[in-house]
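See below for the structure under consideration.
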Amino acid sequence: QKEVEQNSGPLSVPEGAIASLNCTYSDRGSQSFFWYRQYSGKSPELIMSIYSNGDKEDGRFTAQLNKASQYVSLLIRDSQPSDSATYLCAVKTAGNMLTFGGGTRLMVKP
Amino acid sequence: EAQVTQNPRYLITVTGKKLTVTCSQNMNHEYMSWYRQDPGLGLRQIYYSMNVEVTDKGDVPEGYKVSRKEKRNFPLILESPSPNQTSLYFCASSSSQGTDTQYFGPGTRLTVL
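Residue numbers (this note's numbering), protein chains in the order written: chain A, 10 to 119; chain B, 75 to 187.
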């Protein structure tokens, strides 16, 4: 079992809709959680980090963390075609390694 | 401009021919790491370094070497490349192990024939 799991997608949503991306992790000692966005052929860029249970909002993005259930999610409100990318969930484990999920490809259709 | 640079950006080589991919950051970051990205497998950490002369293995260190003699540089060395090391490689840095915003370099696409 992979340590960080994501549905590979593609997840297709219409423009203006809410895109919901999910990630589960196996290491209960994990303390830091991140969402990166990666456009095709480009390097990942950090869009959200979350460290405690609950929601964290930043503009159109909301990260949600539930440590008891070992999942972290990313909501993108008012999705735009420019949001079309692969979204990578990353978890920093107790051993200080940053482990990435395989990524979910999001397609926002005009 | 704060950045992580990698060279070369593209490299085609043959099995067994030693190569080095350089990585440099200008942000005075302590923490640097190397990842490889393969379709369906996501980003996997090869090696990381928490400071000068301190390096440690990540998930997939076999076939790779690193060194950290200066804070700004963290080269990745493939002593005897093999075709299964064909991949997209990213270098990343962050200010410390506790500050988790990692800045990624532009990537190096390596093909080993």
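Note that CB positions come from ideal geometry on N, CA and C, so glycine has one too. Computed from a predicted structure; not experimentally measured.
For residue j and residue i, believed in contact at Cβ under 8 Å, the rounded distance
{"i": "Gly116 of chain B", "j": "Phe43 of chain A", "result": "Going by Cβ atoms, the distance from Gly116 of chain B to Phe43 of chain A rounds to 13 Å, so no, they are not a contact pair."}
{"i": "Ile86 of chain B", "j": "Leu187 of chain B", "result": "7 Å"}
{"i": "Lys143 of chain B", "j": "Val128 of chain B", "result": "So it is not a contact: roughly 11 Å between Cβ atoms."}
{"i": "Ile59 of chain A", "j": "Ala72 of chain A", "result": "4 Å"}
{"i": "Arg114 of chain A", "j": "Ser35 of chain A", "result": "With a Cβ gap of about 23 Å, Arg114 of chain A and Ser35 of chain A do not count as contacting."}
{"i": "Lys139 of chain B", "j": "Glu153 of chain B", "result": "6 Å"}
{"i": "Asp84 of chain A", "j": "Thr175 of chain B", "result": "Here the sequence assigns Leu to residue 84 of chain A, which means Asp is not the residue at that position. Their Cβ separation, rounded to whole angstroms, is 21 Å, which puts Leu84 of chain A and Thr175 of chain B out of contact at 8 Å."}
{"i": "Ser98 of chain B", "j": "Tyr122 of chain B", "result": "No, Ser98 of chain B and Tyr122 of chain B are not in contact; Cβ-Cβ is about 16 Å, not under 8 Å."}
{"i": "Gln47 of chain A", "j": "Thr95 of chain A", "result": "5 Å"}
N-terminal and C-terminal residue of the beta strand (DSSP E) that residue i is part of
{"i": "Ile85 of chain A", "result": "Tyr80 to Ile85"}
{"i": "Asp112 of chain B", "result": "Tyr105 to Asp112"}
{"i": "Thr102 of chain A", "result": "That residue, Thr102 of chain A, is in no beta strand (DSSP E); it is neither H nor E in DSSP."}
{"i": "Pro23 of chain A", "result": "Leu20 to Pro23"}
{"i": "Ile27 of chain A", "result": "Counting along the chain, Ile27 of chain A falls outside any beta strand (DSSP E), and DSSP gives it neither H nor E."}
{"i": "Asp64 of chain A", "result": "Gly63 to Asp67"}
{"i": "Tyr122 of chain B", "result": "Gly116 to Asn125"}
{"i": "Lys145 of chain B", "result": "Segment: none, Lys145 of chain B is in no beta strand (DSSP E) and carries neither H nor E."}
{"i": "Met57 of chain A", "result": "Glu54 to Ile59"}
{"i": "Ala72 of chain A", "result": "Phe70 to Asn75"}
{"i": "Gln47 of chain A", "result": "Ser41 to Gln47"}
{"i": "Thr89 of chain B", "result": "Neither: Thr89 of chain B is in no beta strand (DSSP E) and is coded neither H nor E."}
One or two residues paired with residue i in a DSSP bridge
{"i": "Ala94 of chain A", "result": "A:Leu115"}
{"i": "Leu131 of chain B", "result": "Here residue 131 of chain B turns out to be Lys, not Leu, going by the sequence shown. Bridge partners of Lys131 of chain B: B:Tyr121."}
{"i": "Arg183 of chain B", "result": "B:Tyr84 and B:Leu162"}
{"i": "Tyr34 of chain A", "result": "A:Val13"}
{"i": "Ser167 of chain B", "result": "B:Met106 and B:Tyr177"}
{"i": "Ser98 of chain B", "result": "B:Thr79 and B:Asn147"}
Worksheet item: Going along the segment 156-168 of chain B in order, which residues come within less than 7 Å of chain A, judged by CB to CB distance?
Response: Phe164
Worksheet item: Mind listing which residues of the segment 117-128 of chain B have their C-beta closer than 9 Å to chain A's C-betas, in chain order?
Response: Against chain A - using a Cβ distance shorter than 9 Å - the residues of the segment 117-128 of chain B are Leu117, Arg118, Gln119, Tyr122 and Met124.
Worksheet entry | Proximal residues, the segment 140-154 of chain B versus chain A, C-beta separation under 9 Å | Within the segment 140-154 of chain B, no residue has a Cβ that lies closer than 9 Å to any Cβ of chain A.
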